[in-house]
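Numbering (the numbering used here), first residue to last: 1 to 546. Input: a single structure, listed below in structure tokens.
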């Protein structure tokens, strides 16, 4: 700054000298000032060059700093993105698991409405006990058998049959220097335990409806434990648990396909319900023509409410099997699943409703409700690998299969109060086949299955697409295997309890109702409320018109 001021002074002096008449002394002084001015200009130029060099160095340092910060931010961003995706997936699984758990309210309302009023409290209690006993069974044995591992390097279950670790939740937490943390963080097993528990107890609840109104409560509690601890988990280990049906079955180019559980949950539960129904026998007077009206649903409002709750819960049941929700592709798949679920349910309901109107010339609300459920069960296996038109066809055919199965039960005098085995068993089997038949791959040459939007690689030739014909065979193997397994061990469990005399209630209790004999209070409804006090005489004599 000082150099600039000196330059300005020198310029001013020179200007004043140029206007004066000046002598020799003045010329000497002017030359000296001019020389000083040149020297100052040289210093300014040198200073500018120095500053320019320093600016270049500073810019280089700042650029290096920005590059370093960018590298650090990228690493931090990747860590943040991983944690964010994990948190989203946890939230997705917890939310959908809660929706599936809400389905127990739907099962309870539907079952209570379908049964007689005198057994309402017992039906509701049985559904609550089912969840409680199923939870204990899943914690003690179920999770370990289904998902406990150990697993091979390729991700398949070691031994291909059942898991052998994490009984009683052991090993899910590990000690650290600061406390404890999930053993498999950030993708811990506890969130999987929760949403798979919801599926497990839902499968056990299916059986509850088939044995309603005549099974002893302690006996059913035992069966609920066995179902959640052994029967259902082994089926899961073979399939979702990466057991012997996963990837490929024998020489087939592909394995099973059951996206959300038409076979694994519903077929398994429906066949077990059929076993329980057959071992128990029908309710007293159920097939007596003179008493048929006694066995009609006592509360259609509860049936309709239960159906709507179940339909709502299905929007957790089916989409949750994406297992994550952290990118646009997964979101689009979940949306397609919800769309297919809705279409199949609506088609199934209208189909059964129309069929029963044609047969009886009367509107059957209960049939409409079960038709909706038939459509929901039918679409559950293939909801992620078929187009909307195929979803409509799946619901339509599922409804017809349900109606035929329901009529067959009556023909054979098998008493299923809520049609659990036709809805979940017959339609569950159909849903497994529909997942392969209506797969949106190109004909049978490229099977999509688990691949979703793209083809599933062939197990025998990974560069090729799995064959649709092989997929149908794999689905048949799955249906037969699950049916035989569930029927065998459910029949053994119920048969053993029948042999010991602890399965069925006595005839007197069945006649008067389980609520009156076993519950306090003795009835779920106050059918005849106590009348109030009589009105005063002056009010009784007067007439009031409104």
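Here a beta-carbon is modelled for each residue, glycine too, at the ideal position from N, C-alpha and C.
CA-to-CA distance, residue j to residue i, given in whole angstroms
i, j, result
"residue 504", "residue 124", "18 Å"
"residue 188", "residue 206", "29 Å"
"residue 249", "residue 156", "13 Å"
"residue 526", "residue 336", "46 Å"
"residue 268", "residue 258", "13 Å"
"residue 398", "residue 351", "9 Å"
"residue 171", "residue 66", "45 Å"
"residue 318", "residue 59", "57 Å"
"residue 22", "residue 44", "For residue 22, the predicted structure reports a pLDDT of 49, less than 50, and the residue's modelled location is therefore unreliable. A value from the coordinates is still provided. Taking the straight line from one Cα to the other gives about 30 Å."
"residue 265", "residue 377", "10 Å"
"residue 573", "residue 78", "The structure shown does not extend to residue 573, since the chain is modelled only from 1 to 546, so the question has no answer here."
"residue 88", "residue 325", "6 Å"
"residue 36", "residue 56", "30 Å"
"residue 459", "residue 245", "12 Å"
"residue 310", "residue 294", "26 Å"
"residue 392", "residue 177", "56 Å"
"residue 299", "residue 179", "53 Å"
"residue 256", "residue 470", "10 Å"
"residue 31", "residue 63", "48 Å"
"residue 81", "residue 154", "26 Å"
"residue 359", "residue 403", "11 Å"
"residue 313", "residue 262", "15 Å"
Cβ-based neighbour list, residue i, same chain, cut-off 8 Å, excluding 5 preceding and 5 following
i, result
"residue 386", "340, 394, 434, 435, 438, 439 and 440"
"residue 468", "436, 439, 441, 443, 444, 445, 446 and 447"
"residue 353", "363, 364, 367, 368 and 371"
"residue 181", "173 and 174"
"residue 539", "Low confidence applies to residue 539: its pLDDT is 47, below 50, so where it sits in the model is not reliable enough to give any reading."
Element boundaries [beta strand (DSSP E), containing residue i]
i, result
"residue 547", "The question about residue 547 has no answer, for the chain in this structure spans 1 to 546."
"residue 514", "No beta strand (DSSP E) holds residue 514; the alpha helix (DSSP H) holding it covers 514-518."
"residue 181", "180-182"
Limits of the alpha helix (DSSP H) - the one that residue i falls within
i, result
"residue 473", "468-499"
"residue 220", "217-226"
"residue 165", "It is not in any alpha helix (DSSP H) - residue 165 carries neither H nor E in the DSSP assignment."
"residue 277", "268-280"
"residue 593", "The structure shown has nothing for residue 593, since the chain only spans 1 to 546."
"residue 526", "Note, residue 526: premise wrong, no alpha helix (DSSP H); not H, not E."
"residue 408", "388-411"
"residue 437", "427-437"
"residue 301", "300-317"
"residue 147", "143-147"
"residue 238", "232-238"
"residue 135", "120-137"
"residue 378", "365-379"
"residue 200", "189-210"
Spatial neighbours of residue i in its chain, beta-carbon cut-off 6 Å, leaving aside the 5 residues before and after
i, result
"residue 221", "129 and 133"
"residue 284", "510"
"residue 167", "144"
"residue 115", "123, 212, 213 and 417"
"residue 201", "131 and 134"
"residue 465", "446 and 455"
"residue 495", "279"
"residue 302", "109, 112 and 113"
Own chain partners of residue i with C-beta closer than 7 Å, once the 5 adjacent residues on each side are dropped
i, result
"residue 322", "330, 333 and 334"
"residue 193", "143"
"residue 406", "419 and 422"
"residue 388", "339, 340 and 343"
"residue 450", "257 and 456"
"residue 243", "157, 160, 161 and 237"
"residue 198", "97, 100 and 101"
"residue 430", "378, 397, 398 and 401"
Whole-Å CB distance - residue i paired with residue j, under 8 Å assumed
i, j, result
"residue 277", "residue 210", "5 Å"
"residue 415", "residue 120", "So it is not a contact: roughly 18 Å between Cβ atoms."
"residue 315", "residue 110", "That pair is no contact at about 17 Å."
"residue 513", "residue 118", "3 Å"
"residue 195", "residue 97", "3 Å"
"residue 241", "residue 169", "Residue 241 to residue 169, Cβ: 17 Å. No contact."
"residue 380", "residue 260", "5 Å"
inquiry  = Count Cβ pairs between the segment 346-360 and the segment 130-148 that sit closer than 8 Å; are there 3 or more?
reply    = no
ask   = Does the segment 144-153 come within contact of the segment 232-249, defined as at least 3 CB pairs closer than 8 Å?
value = yes
task = Indicate whether the contact test is met: 3 or more Cβ pairs, each with one atom in the segment 304-313 and one in the segment 97-106, closer than 8 Å.
result = yes
request  = For the segment 493-501 and the segment 286-302, state whether three or more C-beta atom pairs, one from each stretch, are separated by less than 8 Å.
outcome  = no
ask   = Using 8 Å as the threshold, is the segment 515-525 in touch with the segment 265-281, meaning 3 or more CB pairs across them?
value = no
ask   = For the 8 Å Cβ check, are there 3 or more pairs between the segment 476-490 and the segment 406-424?
value = no
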